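For what it's worth, the UniProt record's numbering labels the leading residue of the sequence shown as 1, then goes sequentially.
Cβ atoms here follow ideal geometry from the backbone N, Cα and C, with glycine treated the same way.
Because the structure is a prediction, the values reported are computed rather than measured.
As structure tokens, the structure follows; a few thoughts come after it.
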Amino acid sequence: MAKIRTLIVAGEAFPLAKTGGLGDAITGMARALAQAGIPLTVLLPAYRGVRARLKRVREVAPLHNLPGGDARLVAGTCPQSGLDFLLLENDALYDRAGIYLDEQGCEYGDNAVRYAALAHAAARVAGGLPGIVRPNLVHAHDWHAGLVPLLLRAQGLRDTRSVMTIHNLAFQGQFPLECAAALGIPERCRGSDGAAAWGRLNFLKAGIRYADRVTTVSHTYAREIMTPAFGCGLDDLLRQRAGDLLPIPNGIDDILWNPARDPQLGALRFSVRDLSNKARCKAALQHEYGLEAAPGTALMAMGSRLTEQKMADVAVQALPEALERHPELQVAILGRGDRRLEDALQALARRYPGRCAAHIGYDEAAAHRLHAGSDILLHASRFEPFGLTPLYAMRYGALPIGSRVGGMADTIEDPGPRAPLSAMASANGLLFDGDSPAAMCEAIARAVHLREHALLWRAMQRNAMSADFSWRSAIGLYASLYRSLTGPDARDAVAARADRALGAALGARQQSGSAMPAPV
């Protein structure tokens, strides 16, 4: 069987570039693949300061006539992750204060050019460049790399297979269709049967349309995105590609997120066998957030993007009632997002001094301390492809309250509010349905009540801290997928299968005259 040589293309990779769970997922997956013996390189934009964080840096190839101008590829190794990187260096495009957003929180106006350049660089590498190992599989992640499968197909690189992974379908990379020519997208790919949706260029749709295989990050999310409610307008295309859509759940780095070895906790490390230092972490967190030093309180953390997706708007309404109903409850909030929601949560903290605190921003070390010191994690979401944060919290003995959607429905075990109390001994967290403040308040009330039963709570903590959510099981699935695409008998069969499925689906749509629905 042909040796697998993989190029991973992404907009983020921890610790070089991270705005959320995507950066963690890319690095965790890549490290696990490398440990499984699959040679790979990660292609990433050379954002400000990234080159300086690599070792053994060397310029390997100039790239002329890319969208946005001439660029170069720089190779190096990240000492923290041990991964090999190719950086696409063009200071005019990437040497900026933010990754996707400017200092005012607005999207850069040339994001289409920035990530089209990344896709063209990937296609050049796949086509073969002196001094760079040519991949036979390119794994594109989210809309930032969505044009990669299209460009591979347009260049006729049939001996290089492509996988497109959807981490969050809501972010699709939509831009004016008029810029398609300047982005190097062939005219034959600019229609509604190609990269266009609702009269706009859609990077993620291009990836889904042209990739040999499409994956997403949890079983429930894979089912959800083929429905109008969660499909963000692409459910029709996803149903057409159902035979090539695979759910492969994410994992977490259980070495990085390990309270027994976490350097962020200093001398206050703890384990599932000995939780004595968790109480000290709680006292330290209360001091850090200006909360009352009360060891008997139920300290609930909320650490996420402060957006409507993450139900921060619902939390703004639910938390005052929860704090009034439960005098023994404290709330510590860490995150950034919608300015309006940031302001509302800070106002809530001023309303309940000593019981509620909100730190606006994000810091990796602070996130570790938040999980280590809290009893409960509130992580509601209107949709959640996977949900890394609840799994981090579980590792640290903070039991999550999550929404029954996406990956959280797959990973949080909860017999439900109608089950007898004893049934919770098999649980590792709590789930609730819907997005009403009342439902969130009732879930918080359940958690506070359960915590009053010390032995039961301890059993739930053991379940949470002992669960295996590592990348080990996922990597076997990715390795099998890669082998199926790169084997000597797979190449023509895979391409023919994808073309037949797409041709049949597109023909059916043309016969029905149906239009693609508007995005959610």
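**OP:** Give me the Cα-Cα distance between A116 and P67, rounded to the nearest whole angstrom.
**Re:** The straight-line gap separating the alpha-carbon atoms of A116 and P67 is approximately 7 Å.
**OP:** List the endpoints of the continuous alpha helix (DSSP H) containing K282.
**Re:** It spans 276-289 - the alpha helix (DSSP H) in which K282 sits, taken as one unbroken run.
Subject >> Rounded separation between D84 and A347 - CA only >> reply: If you take the alpha carbons of D84 and A347, they lie about 45 Å apart.
Original post:
Among Q461, D142, G337, which one has its Cα closest to the Cα of N428?
Top reply: The alpha carbon of N428 has as its nearest neighbour, out of Q461, D142, G337, the alpha carbon of Q461.
Original post:
From A459 to A425, what distance separates their C-alpha atoms?
Top reply: Near 6 Å, if we compare the C-alpha coordinates of A425 and A459.
Original post:
On the three-state DSSP scale, how would you describe N463?
Top reply: In this structure, N463 counts as helix in the three-state DSSP scheme.
**OP:** Give the secondary structure of T160 by DSSP, where H, G and I count as helix, E and B as strand, and everything else as coil.
**Re:** T160: coil per DSSP, three-state reduction.
**OP:** Please check the pair S162 and A140, which I expect to be a contact at CB under 8 Å, by giving their CB distance rounded to whole angstroms.
**Re:** Going by Cβ atoms, the distance from S162 to A140 rounds to 6 Å, so yes, they are a contact pair.
Subject >> Close-in-space but distant-in-sequence residues of the same chain around R509 (CB under 6 Å, 5 per side omitted) >> reply: In this prediction, R509 has a pLDDT of 33, which is less than 50 and means its spatial position is unreliable; nothing more can be read from the coordinates.
Subject >> Nearest residue (CA-CA) to H120, options A474, R158, L44 >> reply: Each of A474, R158, L44 was checked against the Cα of H120, and the nearest Cα belongs to L44.
Original post:
Using 8 Å as the threshold, is the stretch 365-384 in touch with the stretch 283-297, meaning 3 or more CB pairs across them?
Top reply: Below 8 Å, enough C-beta pairs join the stretch 365-384 and the stretch 283-297 to call them touching: three or more.
Original post:
For V42, which residues of its own chain have a beta-carbon under 6 Å away from its beta-carbon, when the five flanking residues on both sides are left out?
Top reply: These residues qualify, in order along the chain: I8, A13, A30, L83, F85.
**OP:** In angstroms with no decimal places, state the Cα-to-Cα distance between A493 and D244.
**Re:** For A493, the predicted structure reports a pLDDT of 47, less than 50, and the residue's modelled location is therefore unreliable. A value from the coordinates is still provided. When rounded, the distance between both Cα atoms is 13 Å.
Subject >> Within 9 Å, strictly: CB atoms of E89 and A46 >> reply: With a cutoff of 9 Å on beta-carbon distance, E89 and A46 are scored as near each other.
Subject >> Cα-Cα separation between R269 and P259, rounded to whole angstroms >> reply: In a straight line, the C-alpha of R269 is about 6 Å away from that of P259.
**OP:** Round the Cβ separation of H167 and V217 to the nearest angstrom and send it over; I've been treating them as touching at under 8 Å.
**Re:** The C-beta distance from H167 to V217 rounds to 6 Å, short enough to fall under 8 Å.
**OP:** Report all residues from its chain with a CB closer than 6 Å to the CB of A170; omit the five preceding and five following residues, and keep chain order.
**Re:** In its chain, beyond the 5 residues on either side, C232 have a beta carbon closer than 6 Å to the beta carbon of A170.
Original post:
Mapping DSSP to helix, strand and coil, what is D313?
Top reply: D313 falls in the helix class under three-state DSSP.
**OP:** Count the other C-beta atoms from every protein chain shown that fall within 10 angstroms of the C-beta of N65, then say buried if there are 16 or more, exposed otherwise.
**Re:** Taking all protein chains in view, the Cβ of N65 is surrounded by fewer than 16 other Cβ atoms within 10 Å, so the residue is classified as exposed.
**OP:** Assess, as a yes-or-no matter, whether the stretch 401-420 is touched by the stretch 51-60 under the definition of 3 or more beta carbon pairs within less than 8 Å.
**Re:** Contact fails: fewer than three Cβ-Cβ distances are below 8 Å.
Original post:
Is L101 helix, strand or coil by DSSP?
Top reply: Three-state DSSP puts L101 in a strand.
Original post:
Mind checking whether P249 and T411 have CB atoms under 9 Å apart?
Top reply: Between P249 and T411, the C-beta gap is smaller than 9 Å, which places the two residues in contact.
Original post:
Within 10 angstroms of its Cβ, does I475 collect 16 or more other Cβ (buried), or is it exposed?
Top reply: Taking a 10 Å sphere around the C-beta of I475, we find 16 or more other C-beta atoms and assign the residue as buried.
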